[in-house]
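Enquirer: Please find one structure pasted underneath; my questions will follow.
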Amino acid sequence: MRKRVLSSLALCLLVVGLCGCSQRSGGGKAGDYQIYYSALPNQNAPLAVGCETWTPETGEQIIPGLLEALLAGPEDPELASPFPDGTRLLGWTLEEGCLRLDLSEQYGDLTGIDLTVADCCLSLTLCQAEGVESVYVTVEGSEIPYRPIQKLTEADILTAVYEAGT
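Shown next, in the form of structure tokens:
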């Protein structure tokens with residue numbers, strides 16, 4: 036089971052390596068952000084995630100705007116929300132580069148590849164915001180006990196994949 040989850044993390048690491056954890060600079064206007072969604076329903080998709088461009092309104096706060104767009108779901112019919120219906124943001128804080136999210140109980144229902152893809156969508160989307168280096172997710176104030184990595188960063192995923200292979 037652990038190797039399966041870590042293999043899923045390796046898939047997301049590939050996505051992270053291709054997309055990076057910073058604001059994209061090509062193909063879009065300055066100030067545009069990419070919102071990442073699941074591409075798993077599309078059997079012809081080359082990757083497990085895809086993205087849509089989001090442009091904040093003048094004066095709009097970036098982190099709440101990214102979260103609102105991500106939780107609202109994609110416009111592209113080839114993409115799907117990685118979150119169970121009813122998932123809500125209960126609160127967030129940003130301290131020393133770590134964005135802490137507290138999500139509603141529905142997020143706690145995710146397991147396996149679905150949890151991995153949701154985690155990747157959160158980290159890829161939110162690490163674009165200035166000052167966000169990692170994402171830490173709780174459900175109703177508690178950690179997800181079966182998640183091998185709590186703080187979502189590229190380095191943590193790479194380490195977990197390496198350790199699983201040794």
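Every position in the sequence shown, counted from 1, becomes a number in the numbering used here once 35 is added. Each residue gets a CB set at the ideal place from its N, CA and C atoms; glycine is no exception.
Taking S73 as the reference, give the member of V167, S116 and I179 with the closest Cα.
Expert: Locating residue 73 in the sequence shown gives position 38, where the first residue counts as 1. Out of V167, S116 and I179, S116 has the C-alpha closest to the C-alpha of S73.
Enquirer: Nearest-angstrom Cα distance between S177 and T146?
Expert: Counting from one through the sequence shown, the residue named residue 177 turns up at place 142. Counting from one through the sequence shown, the residue named residue 146 turns up at place 111. Each residue's alpha carbon lies about 16 Å from the other.
Enquirer: Taking its Cβ as the centre, do 16 or more other Cβ atoms sit within 10 Å of Y68, making it buried, or is it exposed?
Expert: Translated into positions along the sequence shown, residue 68 becomes position 33. Buried: at least 16 other Cβ atoms inside 10 Å.
Enquirer: If you run the structure through DSSP and keep just helix, strand and coil, what is V152?
Expert: On the sequence shown, position 117 is the one that residue 152 refers to. Residue state, collapsed to three classes: helix.
Enquirer: Within this structure, are the beta carbons of L161 and V170 separated by less than 7 Å?
Expert: Reading the sequence shown from its first residue, position 126 is the one you call residue 161. Reading the sequence shown from its first residue, position 135 is the one you call residue 170. It is a contact, given that the beta carbons lie within the stated cut-off.
Enquirer: Apart from the five residues on each side of it in sequence, which residues of its chain come closer than 8 Å, Cβ to Cβ, to T128?
Expert: Looking up residue 128 in the sequence shown gives position 93. Result list for T128: L134 and R135, in chain order.
Enquirer: Specify, as a first and last residue, the run of the alpha helix (DSSP H) that L106 falls within.
Expert: In the sequence shown, residue 106 corresponds to position 71, counting from 1. Its alpha helix (DSSP H) spans residues I97 to A107.
Enquirer: How far does the beta strand (DSSP E) with Q69 in it reach, from first residue to last?
Expert: If you number the sequence shown from 1, residue 69 lands on position 34. Residues Y68 to S73.
Enquirer: For T93, tell me which candidate among V172, V152, L157 and G66 has the shortest Cα-Cα distance.
Expert: One-based indexing of the sequence shown puts residue 93 at position 58. Checked all of V172, V152, L157 and G66; the closest Cα to T93 is G66.
Enquirer: What is the DSSP secondary structure of S169, reduced to helix, strand or coil?
Expert: Position 134 of the sequence shown, counted from the start, is the residue given in the question as residue 169. The answer is strand: DSSP assigns S169 an E or B state.
Enquirer: Measure the alpha-carbon distance for E103 versus V84 and round it to whole angstroms.
Expert: On the sequence shown, residue 103 is found 68 positions in, with the first residue counted as 1. On the sequence shown, residue 84 is found 49 positions in, with the first residue counted as 1. Straight-line Cα distance between these residues: approximately 18 Å.
Enquirer: Using beta-carbon positions only, say whether E140 and E175 come within less than 7 Å of one another.
Expert: Taking the sequence shown and counting its residues from 1, the one referred to as residue 140 is at position 105. Taking the sequence shown and counting its residues from 1, the one referred to as residue 175 is at position 140. Against a cut-off of 7 Å, the Cβ pair of E175 and E140 comes out as a contact.
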